[in-house]
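A.B. asks: Let me begin by handing over the structure; questions about it come next.
Protein chains: 2
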Amino acid sequence: MSELLPYLDSVAKDIDFMIDRYFVNKVGELNKASAHLLAAGGKRLRPAVVMLAADTVKRGSSHDIMPAALALELTHTFTLIHDDIMDDDTLRRGVQTVHTKWDMPTGILAGDVLYARAFEFICMSTASDNAKVRAISMLASTCADICLGQHMDMSFSRRNDVDEYEYLEMVKKKTGVLYAAAAGIGAVLAGGSAPQAKALYLFGLNTGIAFQIQDDLIDLLVTSEKSGKDRASDLREGKQTLILIKAREKGIDLLQYKRDLTEAEIEKVINELTDAGVMAEVKKVAQDLVAESNKHLSLLPPSKERSLLMEIGEFFVTRSY
Amino acid sequence: MSELLPYLDSVAKDIDFMIDRYFVNKVGELNKASAHLLAAGGKRLRPAVVMLAADTVKRGSSHDIMPAALALELTHTFTLIHDDIMDDDTLRRGVQTVHTKWDMPTGILAGDVLYARAFEFICMSTASDNAKVRAISMLASTCADICLGQHMDMSFSRRNDVDEYEYLEMVKKKTGVLYAAAAGIGAVLAGGSAPQAKALYLFGLNTGIAFQIQDDLIDLLVTSEKSGKDRASDLREGKQTLILIKAREKGIDLLQYKRDLTEAEIEKVINELTDAGVMAEVKKVAQDLVAESNKHLSLLPPSKERSLLMEIGEFFVTRSY
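Residue numbers (my numbering), protein chains in the order written: chain A, 4 to 324; chain B, 4 to 324.
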C-alpha cells in the first residue's frame, strides 16, 4: 500500500480544494448546512475510484473529469445526510449530523441541494456530450437503486430472518452501485469502450459490497473516538448485518444486545463471535468479493492506475476507519 | 380558453399514460410510495408548458420530448413529497400524503427516487446530446433553487416582517424557476436558439410566480372539498404570503388567525380583506406578472402554440383549483 495512501491523500486534497471553493463560506443557512458534512473530512474514496478508472482507460484524463469525481462525493454525502435523518443518528465524521445541528427540514433540503449539484458537476466535466449523457443516466439509476437499498435495509430491522442472499442484495444497492457508478462514470467520461466501462463497473460493484461488509465490522470493532461514529450502532438498533446473520447460523442471537452497551460488553460480544468463527467467515466473504473484482480488472491492460485500483480493493477490506 | 382546456386534458392523458406505464403497479413498497402522489391526478401543467414551448420553437417536436415533460412532473412531485414532510401536511390531491400513508423515512426515499427518475427521463428524450446536457444542467440548478426557496419559505414562518420583495424572491425560487425550467427545457430540447430559450424561460418564470400567488389565494378562497388540500392552511400556520403582507400594510394582522378556523371564520376574514382592498391588490400583482410574461413571448413568431402558452398564463391567475 506504499503508493496507495499518498495517492488517496492527494485526491482528498484536490476534492477538499473544490469543496472549499464551491461550497464553503457561502451565504445562507441552507448553504452552510449543505457544506457541513461535506467539509467535515472523509476519505474521498469514491472520487479516487472515478479518477483511477478514468486514468486506467486513458492516462492523464482524470484531470478533465475532476468535477465528476466531486459529483460522486456529493452523491455519497447527500445519501448520508438523508440516512442520518431516517436512522436518527447524531454523530458522523466526528461532527453533529445535519438534522441534529439544524433540524429535520433543513437536513432534507441540504441533502436535496447536494443531489442537484452532483448532476451539475457531471455536466461541468470536460468530456463529450454523449459521454456526459451516459454518465448522468448511470448516476440517476444509481441514485434510485441506493434508495431501494436503504429502504430494504430499514425493512430488515423489522425482521429476524434475513438471509445472506438478501443481505448481499441490499448492500449491492445501498453501497455497491455507487462504487460501480464511480468506476463506470470515470471510464465512460474518459472515452472508454463499453467492455472497459463494464469491467470497471463490475470491479466497483464487488469492491463496494466488500467495503460495506468491512464498514459493518468497523462499526463493531472500532471505538467511536477513532471512527467518528457511534460505536456498535448496528447492535443497538438490531440491524440485520452479515455478522448478525452468520451469528444466528451459529446459534448466537445478537438481538439480545439491542440496547446501549458499555465498551466492556462490546468486547465480550466480539470475543464470543471470534470464538464461534463468525468474524473469520464475514471477513472471508469480503475478501472473496475483492478477489472477484480483481478478475474484472484483469481484463484491462496493466498500468500503475490499475494496480492502485487493486490496492483500493485490498484497502477496503483491511482498513479500520 | 376554449382551446386550452382540451389541450391540457390531452397532455394530462399522455402524462398519465406514461405514469401508468413506468410507475404504477411496480413491486415493492418504495415503488408504491413513489407512485402514490404521482398517480393521484394533478393538472400536469408543467409538462404542458414543456410541450408547448417545444412546439413553439419547432412545431411537432413535442412528441420527441415527452419524457422530458414527464421529468418536470416528477421533479414537481418529488418537491411536494418532501415539502409535505417538512410542513407535516396530511392531505394532497385528495389523498393522504406519502409520509402519512407510509412513514417519514419512506417519504424521504420516495421523493429521492422520483428526483433520480427525473434526470433519467430527460436523458430518454429524442434530442441532441448537447441539448440534453444543457437541459440537465438547467434542471439541476433549478432543483437547488427550489430547495433555497422552500428554506426561505420556512424561515419566513419565524418572522413577521417579510416584505413584498422578499416574498417574491422566495416564490421565484420555490415555484417560478420550475415553470421557467419547463419552458426553457422544452425550448432547448426542441433545438431552440439561445434567445428563444431565454424568452421562454422568462415567460415561465413570470407566470410561475403568478401561479404561486394564485395558489395562495386558492388556499384561502377554495373549500378543501374542491381543492383537495387543507383549506386556509397558510392562515393556520401563519405563513408570510402576499395576502398577509398586504394585509399588514393595511393594519390587518392575519397572525391572529394562526389556529384552526371554521368555514364561517374563514369567510369573515375574506370579507375583511376584500373590503380593505387586499384581495384586489394581490390579484393585480399576479396579473401584472402575466402581462410581463406575455412581453417575453411576443419575441417569438405567432403560432397556435404561442397562443396556448399565453392562455396558460391567463389560466394560472383565474383558476380556482
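Using N, Cα and C, we set each Cβ at its ideal position, and we do this for glycine too. None of the values given here were measured: they were computed from a predicted structure.
1. The segment 273–306 of chain A: which residues have C-beta closer than 7 Å to a C-beta of chain B, in chain order?
2. Taking CB distances under 8 Å as the criterion, tell me whether L325 of chain A reaches chain B.
3. Below 8 Å, can you find three or more Cβ-Cβ pairs linking the segment 19–39 of chain A to the segment 90–97 of chain A?
4. Between the Cα of Y118 of chain A and the Cα atoms of A:K249, A:M107 and A:C146, which residue gives the shortest distance?
5. May I ask you to verify whether the segment 153–170 of chain A touches the segment 185–198 of chain A, counting CB pairs closer than 8 Å and requiring at least 3?
6. For a test of the three-state rule: what should DSSP assign to R95 of chain B, helix, strand or coil?
7. Which of helix, strand or coil does DSSP assign to S128 of chain A?
8. With a threshold of 16 other CB atoms inside 10 Å of the CB of T325 of chain A, please say whether the residue is buried or exposed.
9. Is I221 of chain A near S227 of chain A, with beta carbons less than 8 Å apart?
10. Closer than 7 Å between beta carbons: that is the criterion. Which residues of the segment 118–142 of chain B meet it against chain A?
11. Against Q243 of chain A, what residues of chain B qualify as contacts under a CB-to-CB distance less than 7 Å, listed in chain order?
12. Determine, for P70 of chain A, whether the minimum Cβ-Cβ distance to residues of chain B falls below 8 Å.
13. On the DSSP letters alone, give me the boundaries of the alpha helix (DSSP H) that K271 of chain A sits inside.
14. List, in chain order, every chain A residue whose beta-carbon is nearer than 8 Å to that of S144 of chain B.
15. Is the separation between the beta-carbon of D263 of chain A and that of R239 of chain A shorter than 8 Å?
16. Taking the C-alpha atoms as reference points, what is the distance between A149 of chain A and K175 of chain A?
17. Three-state secondary structure (DSSP) at K61 of chain B?
18. Name the two residues that bound the continuous alpha helix (DSSP H) containing S236 of chain B.
19. Residues of the segment 76–89 of chain B in Cβ contact with chain A at a cutoff of 7 Å, in chain order, please.
20. Just the Cα atoms here: how many angstroms apart are M173 of chain A and Q215 of chain A?
21. Quick one: residues in its chain with C-beta nearer than 7 Å to the C-beta of D67 of chain B, no 5 flanking neighbours on either side, listed in chain order?
22. Can you check the segment 198–253 of chain B for any alpha helix (DSSP H) of at least 4 residues that lies completely inside it and give the ranges in chain order?
23. At which residues does the alpha helix (DSSP H) containing R309 of chain A begin and terminate?
24. For the candidate residues B:D19, B:D87 and B:D12, whose alpha-carbon lies nearest to that of V98 of chain B?
25. Once you ignore the five residues that flank R137 of chain B on each side, which residues in its own chain have a CB closer than 6 Å to its CB?
26. So is G195 of chain A buried or exposed if we call it buried at 16+ other beta carbons inside 10 Å?
27. Quick check on this structure: which residue in B:M282, B:P198, B:A197 and B:L151 has the alpha carbon closest to the alpha carbon of T178 of chain B?
C.D. replies: Looking at the coordinates:
1. Along the segment 273–306 of chain A, there is no position whose C-beta sits under 7 Å from a C-beta of chain B.
2. Nothing in the structure corresponds to residue 325 of chain A, since chain A is present only between 4 and 324.
3. No, the segment 19–39 of chain A is not in contact with the segment 90–97 of chain A.
4. Minimum Cα distance to Y118 of chain A is reached at A:C146.
5. Because the criterion of three Cβ pairs below 8 Å is not met, the segment 153–170 of chain A and the segment 185–198 of chain A do not touch.
6. R95 of chain B sits in a strand when the DSSP states are folded into three classes.
7. In the structure shown, S128 of chain A sits in coil (DSSP, three-state: anything other than H, G, I, E or B).
8. Given that chain A is displayed from residue 4 to residue 324, the structure contains no residue 325 of chain A and the question cannot be resolved.
9. Taking 8 Å as the cut-off, the Cβ atoms of I221 of chain A and S227 of chain A do not count as close.
10. Listed by position, the residues of the segment 118–142 of chain B near chain A (Cβ gap below 7 Å) are Y118, A119, R120, F122, E123, C126, D132, N133, K135, V136, I139 and S140.
11. In chain order: nothing, as chain B lies at least about 16 Å away.
12. Interface with chain B (8 Å Cβ-Cβ cutoff): P70 of chain A is excluded.
13. Per DSSP, K271 of chain A belongs to the alpha helix (DSSP H) from E266 to D278.
14. Residues of chain A passing the Cβ test: A119 and E123.
15. Closer than 8 Å, so yes.
16. One point to set straight first is that residue 149 of chain A is Ile, not Ala, in the sequence displayed. Going by the C-alpha atoms only, they are around 9 Å apart.
17. For K61 of chain B, the three-state secondary structure derived from DSSP is coil.
18. In the DSSP assignment, S236 of chain B falls within the alpha helix (DSSP H) that extends over S236 to E240.
19. When CB distances to chain A are screened at a threshold of 7 Å, the residues of the segment 76–89 of chain B falling below it are H85, I88 and M89, in chain order.
20. Roughly 10 Å separates the two Cα atoms.
21. S128, T129 and A130, listed in sequence order.
22. If only uninterrupted alpha helix (DSSP H) runs of at least 4 residues are considered, those enclosed by the segment 198–253 of chain B are 227–230, 236–240 and 245–252.
23. From DSSP, the alpha helix (DSSP H) with R309 of chain A extends over K307 to F319.
24. Taking only the C-alpha atoms, the option nearest V98 of chain B is B:D87.
25. Only V191 meet the Cβ criterion.
26. Counting every other CB atom within 10 Å of its CB across the protein chains shown gives G195 of chain A a total of 16 or more, marking it as buried.
27. Taking only the C-alpha atoms, the option nearest T178 of chain B is B:L151.
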